[in-house]
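Trainee: Residue numbers (this note's numbering): 2 to 239.
Got a structure here, written out as structure tokens. Questions coming.
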Amino acid sequence: MGPANPWRSVARTDTGKVRARNEDAFLDCPQHGLWAVADGMGGYQCGDVASQMIITHLAELPEEGRFDERVIAVRKCLHWLNRRMSQELTITPDRRDSIMGSTVVALLIDGTRGACVWAGDSRCYLLREGRLHQLTRDHSLLEQLIDEQKMTPEQASQSPNARALTRAIGATDQLKLEVLELEVCSGDVFLLCSDGFYQGLDNEMLREALSLESMHALFDEVRRGSARDNLTAVVISQ
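Next comes the structure, spelled out in structure tokens:
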């Protein structure tokens with residue numbers, strides 16, 4: 002990263018109105034050009050531990066080095082965490098043995114280069130010249146049915162376990178990360194968020210969320226709904 006970093010960001014997380022604890026976590030490091038959201042898997046125990054482990058280790062990555070090297074470092078970090086989580090049993094007096102798991106979406110920006118790395122259904126959006134683009138593709142059974150079975154979104158949503166994840170950190174021994182590299186333009190605004198945030202908003206509301214000033218109002222909007230899940234968002238702009 003160069004000494005003059007033009008990026009600013011704001012982040013927020015909330016437990017929501019149903020869950021007893023917040024299993025989301027976020028990384029907000031504009032000075033390093035690195036941001037992330039991790040959503041501990043609600044069906045697994047210790048989801049909060051898993052998401053926080055991801056954020057802690059990403060935050061410890063060195064900010065020096067070429068852009069390509071830094072992208073590789075993010076990927077290596079997540080693969081190492083996957084091996085650790087997929088092998089680790091957590092034993093507590095009041096709970097059965099369990100595994101840890103979490104989604105992750107990370108955004109790295111250096112100059113005009115950007116890279117999004119993800120596994121699961123936490124998302125990265127880009128607002129460019131007034132148009133909203135979803136950069137990530139959900140790793141879920143729903144998307145798999147649409148892609149492989151040629152179902153419509155409406156048909157796929159009726160399938161049992163449609164929202165089940167097909168990829169996540171800690172879910173299996175073999176992790177397949179998805180990486181998207183892009184050219185970053187002046188005026189670009191990015192949004193990283195967990196499913197609890199974007200499921201409560203339509204695309205127009207999400208487009209409005211992509212400013213540092215309005216994000217907190219969008220949180221209030223989500224909380225006025227059912228807010229059945231934890232919700233987390235990071236907005237990044239110049």
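Just so it is clear, CB atoms sit at the ideal spot from N, CA and C, and this is done for glycine as well.
Are the CB atoms of I170 and M86 nearer to each other than 8 Å?
Mentor: Yes. Within cutoff.
Trainee: CA-CA distance, A39 and V235?
Mentor: For A39 and V235, the distance between alpha carbons rounds to 11 Å.
Trainee: Would you mind working out which of R114, P161 and T16 sits nearest L183, comparing C-alpha positions?
Mentor: Looking at the Cα atoms, R114 is the closest of the given residues.
Trainee: Could you compute how far the alpha carbon of L82 sits from the alpha carbon of I55?
Mentor: If you take the alpha carbons of L82 and I55, they lie about 7 Å apart.
Trainee: From this set, L232, L35, A51 and D189, which residue's C-alpha is nearest L133's C-alpha?
Mentor: Answer by Cα proximity: D189.
Trainee: Verify whether the separation of the beta carbon atoms of L176 and D15 is less than 8 Å.
Mentor: No; because the gap between Cβ atoms is not below 8 Å, this pair is not in contact.
Trainee: Given that a residue counts as buried once 16 or more other Cβ atoms are within 10 Å of its Cβ, and exposed if not, what is I110?
Mentor: Buried.
Trainee: Tell me, please, which residues DSSP counts as bridged to S10.
Mentor: DSSP lists I237 as partners of S10.
Trainee: Indicate whether V118 and L79 have their beta-carbon atoms separated by less than 8 Å.
Mentor: Yes, they are a contact pair.
Trainee: Give the DSSP bridge partners of C30, in chain order.
Mentor: DSSP lists L35 as partners of C30.
Trainee: Starting from the C-beta of H217, find all residues in its chain whose C-beta is less than 7 Å away, skip the five residues before and the five after it, and write them out in chain order.
Mentor: Cβ within range, chain order: R13.
Trainee: First and last residue of the beta strand (DSSP E) that includes G115?
Mentor: Per DSSP, G115 belongs to the beta strand (DSSP E) from R114 to A120.
Trainee: Can you list, in chain order, the residues of its chain with a C-beta nearer than 6 Å to that of G48? Leave out the 5 residues immediately preceding and following it.
Mentor: Correct list, in chain order: E24, G41 and M42.
Trainee: As a quick exercise: from V11, S103, Y126 and W36, pick the residue whose alpha carbon is nearest that of N204.
Mentor: Cα-wise, what sits closest to N204 is Y126.
Trainee: Going by CA-CA distance only, name the one from L136, Q135, E155 and T137 that's closest to L143.
Mentor: Selected option, being the one with the closest Cα: E155.
Trainee: Can you say whether D69 is buried or exposed, counting buried as having 16 or more other CB atoms within 10 angstroms of its CB?
Mentor: Label assigned to D69: exposed.
Trainee: At the level of alpha carbons, what is the spacing between R76 and A163?
Mentor: R76 and A163: Cα-Cα distance of roughly 27 Å.
Trainee: Between L181 and H140, how many whole angstroms is the CB-CB distance? I'm expecting something under 8 Å.
Mentor: In fact, because the Cβ distance is near 13 Å, the residues do not count as touching under 8 Å.
Trainee: Among the residues of its own chain, which have a CB less than 8 Å from the CB of G66, if the five just before and after it don't count?
Mentor: Cβ within range, chain order: A74.
Trainee: Applying the criterion that 16 or more other CB atoms from any shown protein chain within 10 Å of the CB defines a buried residue, is A21 buried or exposed?
Mentor: A21 should be labelled exposed.
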